[in-house]
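Residue numbers (full-length UniProt numbering): 1 to 412.
Scroll down for the structure; my scribbles are underneath it.
Put into structure tokens, the structure is as follows:
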């Protein structure tokens, strides 16, 4: 088993050892765009391509009880989405493909909204004329504390309080969901997945979906509670989850995200662990770590205390776009916050110097007001207000890109 997991990690290392950059192509209010969000985003495709984006994460595509798409019901019904029609989605995906960008679908399978609930019972509708993904109470976990009419298997993960937890141990449901995902690939053109709320079901189920659908790229939202001082346990849980899921998947590096939230408030020393490595998941399994500053969830819930300060957000991008892992850029920051040029300059530096998920980091300083690191012996970056660098900067480096409380140098 250890050999198999190691081989999976070797595969991932080669598959993602390039300048891959993910872009979250929506936010919590995107569904409100006049004329349809898919049509709106299509106009930004060329600019995203010029910024070096390789993969775009799109919102949940199916009919849903909520307009954002996270309480889906008729999974095959893409015409009832608040983001636009199935034809508009296919046109958007095609536009991204024509510009060399692969498309990632947001996959929500832990819970579903019912088609109807009445005296005859509870019914789910899959969105096709036949019985695919249709069903009743047998599709719901039998120990869901909020929806007590379920007659399926016990829940294999954490409870989701706002919708019925789907019995994902049911082999028919597993296969039908895999068939739906493969339909998203073949009929719509999606290349991969972002798995929502994977703590809601057994890791083996994610592994099954990966094996059945073979995505070009996949990333999981394993969002565990975070406590300062417990960084190692937090990132090791991410690392171990990836291994148990088979190794052919990445995970959002929530450890780095929450460490950075604190570090940017005058505690930049937190970015270095006791072994001299980056303190997040990128310090233990960088090739499977997707780093990010914010996403639709963390921003809408104000879990990023520095996010009202664009200068500090810019420092966050200096960090993730010069470091190993697969960086993810948030829609708001690129299209709405005036940080577009900063991000484009940083992605250009990343591409020019071949910084990739397994790049090597040598941390030169990790103090309260200064974090400075050399990456692959090709670039040096620093964030923090401290300006006196002493002898930390070798004479063989020249300034490539300066900004407020940050700088990037490249080897001459």
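All C-beta atoms, glycine included, are put in the ideal place defined by N, C-alpha and C.
Computed from a prediction, not measured in an experiment: that's the story for all the values here.
C-alpha gap between residue i and residue j, whole angstroms
i, j, result
"residue 70", "residue 64", "7 Å"
"residue 257", "residue 49", "25 Å"
"residue 11", "residue 41", "Confidence at residue 11 is low in this model, with a pLDDT of 38, below 50, so the placement of that residue should be treated as unreliable; the coordinate-derived value is given next. Near 33 Å, if we compare the C-alpha coordinates of residue 41 and residue 11."
"residue 195", "residue 396", "44 Å"
"residue 145", "residue 109", "18 Å"
"residue 115", "residue 181", "20 Å"
"residue 143", "residue 159", "9 Å"
"residue 46", "residue 101", "10 Å"
"residue 398", "residue 323", "19 Å"
"residue 53", "residue 117", "43 Å"
"residue 96", "residue 171", "34 Å"
"residue 103", "residue 245", "22 Å"
"residue 254", "residue 229", "14 Å"
"residue 74", "residue 23", "27 Å"
"residue 176", "residue 132", "7 Å"
"residue 84", "residue 173", "27 Å"
"residue 148", "residue 200", "17 Å"
"residue 39", "residue 345", "27 Å"
Residue interval of the alpha helix (DSSP H) (run including residue i)
i, result
"residue 315", "310-322"
"residue 381", "Residue 381 -> not in any alpha helix (DSSP H); beta strand (DSSP E) instead, spanning 379-383."
"residue 240", "231-244"
"residue 341", "340-352"
"residue 34", "Here residue 34 belongs to no alpha helix (DSSP H), and DSSP marks it neither H nor E."
"residue 363", "No alpha helix (DSSP H) holds residue 363; the beta strand (DSSP E) holding it covers 361-367."
"residue 45", "45-50"
"residue 335", "331-335"
Own chain partners of residue i with C-beta closer than 7 Å, once the 5 adjacent residues on each side are dropped
i, result
"residue 285", "239 and 242"
"residue 425", "Outside the shown range of the chain (1 to 412) lies residue 425, about which nothing can therefore be said."
Cut-off 6 Å between Cβ atoms - residues of its own chain near residue i, not counting five sequence neighbours on either side
i, result
"residue 406", "315, 318 and 383"
"residue 337", "310"
"residue 359", "324, 375 and 376"
"residue 20", "54 and 326"
"residue 353", "378 and 379"
"residue 226", "234 and 258"
Own chain residues within Cβ distance below 8 Å of residue i, not counting five before or after
i, result
"residue 237", "222 and 224"
"residue 299", "27, 28, 307, 330 and 332"
"residue 140", "122, 147, 149, 150, 151, 152, 164, 165, 166 and 167"
Chain B within 8 Å of residue i, Cβ atoms only
i, result
"residue 312", "Judged by its chain identifiers, the structure shown contains no chain B, having just a single protein chain."
Unbroken beta strand (DSSP E) run spanning residue i, endpoints
i, result
"residue 211", "It is not in any beta strand (DSSP E) - residue 211 instead sits in the alpha helix (DSSP H) that spans 203-213."
"residue 257", "Where residue 257 is concerned, there is no enclosing beta strand (DSSP E), although the alpha helix (DSSP H) it sits in stretches over 254-263."
"residue 87", "First-last for residue 87: 86-98, but that is the alpha helix (DSSP H), not the beta strand (DSSP E)."
"residue 218", "217-220"
"residue 371", "370-375"
8 Å contact criterion, which residue i and residue j should meet: CB distance rounded
i, j, result
"residue 370", "residue 386", "4 Å"
"residue 90", "residue 188", "6 Å"
inquiry  = Which runs of the beta strand (DSSP E) at least 3 residues long sit entirely within the segment 101-182? Give them in chain order.
reply    = 102-107, 116-118 and 121-123
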